[in-house]
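J.:
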Amino acid sequence: MNPEKAPIEAINTPENEPSWWSKEGLKSLGKDVGVFAFVALFIILPFRIYVAEPYLVDGRSMDPTFSTGDYLIVDKLSEIKRNDVVVFKAVNANQPNKSFIKRIIGLPGETVIVKDNTVKIINSENPDGFTLDQSYITHKSTGSYQKTLAGDEYFVMGDNRAESYDSRYWGALNRVYITGKPIVRLFGIKTYGPMPVPLLNKFDILPGKETE
Numbered sequence: 003m004n005p006e007k008a009p010i011e012a013i014n015t016p017e018n019e020p021s022w023w024s025k026e027g028l029k030s031l032g033k034d035v036g037v038f039a040f041v042a043l044f045i046i047l048p049f050r051i052y053v054a055e056p057y058l059v060d061g062r063s064m065d066p067t068f069s070t071g072d073y074l075i076v077d078k079l080s081e082i083k084r085n086d087v088v089v090f091k092a093v094n095a096n097q098p099n100k101s102f103i104k105r106i107i108g109l110p111g112e113t114v115i116v117k118d119n120t121v122k123i124i125n126s127e128n129p130d131g132f133t134l135d136q137s138y139i140t141h142k143s144t145g146s147y148q149k150t151l152a153g154d155e156y157f158v159m160g161d162n163r164a165e166s167y168d169s170r171y172w173g174a175l176n177r178v179y180i181t182g183k184p185i186v187r188l189f190g191i192k193t194y195g196p197m198p199v200p201l202l203n204k205f206d207i208l209p210g211k212e213t214e
């Protein structure tokens, strides 16, 4: 068919588009709302609950790995290993609905010995202990702490040790409080892309909100 002789009804122009309040317009709107509701209910919501969730960093406790303004996607399914950075719910009842971000230092069943900027790990594979590689740390701190972890506990610390409120102060982190670990930085003060390894951090964070 010659395009110049196409029926005018087949051309969607502002003049012949159905009004939103017309029967056709309301039907189209209802279809759009239905699609949006389906996507939100059966795709986005389950994804956020079971797979991944966005967080926004606000603070210096994880400097230099994470900085204020970094927008992170947190993976909820991956296995937690040493040196992973994890997001977890507040263990203090006085901080309801808050989340934090720190680095995994000690694993379940291990003994963690902190002496200033040196961390020693004792476990079944290393009964004499080994010194943890922390070459990523640029902020130094002082003080001593020792903790033996139970079978479902982790020892976490912020990379900015001098400004991190972590397991050295409030003890071990139970696995049930851990939400997941950041895998992608979408944007922020620094660069974006896959998370560097090792990761570091300590800041408060709220889903979709700023951290403190």
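Position in the sequence shown counted from 1, then plus 2, gives you my numbering. C-beta: ideal position from N, C-alpha, C; glycine also. Keep in mind the model is a prediction, meaning the values are calculated, not measured.
(1) Going by other Cβ atoms of all chains shown within 10 Å of its Cβ, with 16 needed for buried, is T120 buried or exposed?
(2) According to DSSP, which residues form a beta bridge with F68?
(3) Which two residues bound the contiguous beta strand (DSSP E) that contains S63?
(4) How far does the beta strand (DSSP E) with P163 in it reach, from first residue to last?
(5) For T140, which residues in the same chain have their Cβ closer than 7 Å to its Cβ, ignoring the five residues on either side in sequence?
(6) Considering only the alpha carbon of each residue, which of N99, V158, L151 and Y138 lies closest to Y171?
(7) Quick check on V114: buried or exposed, where buried means 16 or more other Cβ atoms within 10 Å of its Cβ?
(8) Starting from Y171 and walking both ways along the alpha helix (DSSP H), at which residues does that stretch end?
(9) Between which residues of its own chain and E112 is the CB-CB distance below 8 Å, once the five residues before and five after are set aside?
(10) Between which two residues does the beta strand (DSSP E) holding L74 run?
(11) Please classify G153: is it buried, with 16 or more other beta-carbons within 10 angstroms of its beta-carbon, or exposed?
(12) Is it buried or exposed for F132, if we count other Cβ within 10 angstroms and need 16 for buried?
(13) For chain D, find out if any of its Cβ atoms is closer than 8 Å to the Cβ of T181; answer yes or no.
(14) In the DSSP assignment, find the unbroken beta strand (DSSP E) run with V121 in it and report its ends.
(15) Would you list the residues sitting across from L58 in a DSSP beta bridge?
(16) Do I107 and V186 have their beta-carbon atoms positioned less than 8 Å apart in this structure?
T.: Well, looking at it:
(1) So T120 counts as exposed.
(2) DSSP output for F68 lists no bridge partner at all.
(3) S63 -> no beta strand (DSSP E), and no H or E assigned at all.
(4) Before going further, note that residue 163 is Arg rather than Pro in the sequence given. No beta strand (DSSP E) holds R163; DSSP gives it neither H nor E.
(5) Excluding positions up to five away in sequence, the list reads P66.
(6) V158
(7) Buried is the label assigned to V114, since at least 16 other Cβ atoms lie within 10 Å of its Cβ.
(8) S169 to W172
(9) I123, I124, N125, T150, L151 and F157
(10) Y73 to D77 is the extent of the beta strand (DSSP E) around L74.
(11) By the neighbour-count rule (16 or more Cβ atoms within 10 Å), G153 is not buried but exposed.
(12) Residue environment for F132: exposed (fewer than 16 other C-beta atoms within 10 angstroms of its C-beta).
(13) Chain labels in this structure do not include chain D; a single protein chain is all it has.
(14) Where V121 is concerned, the enclosing beta strand (DSSP E) stretches over T120 to I124.
(15) Y73
(16) no
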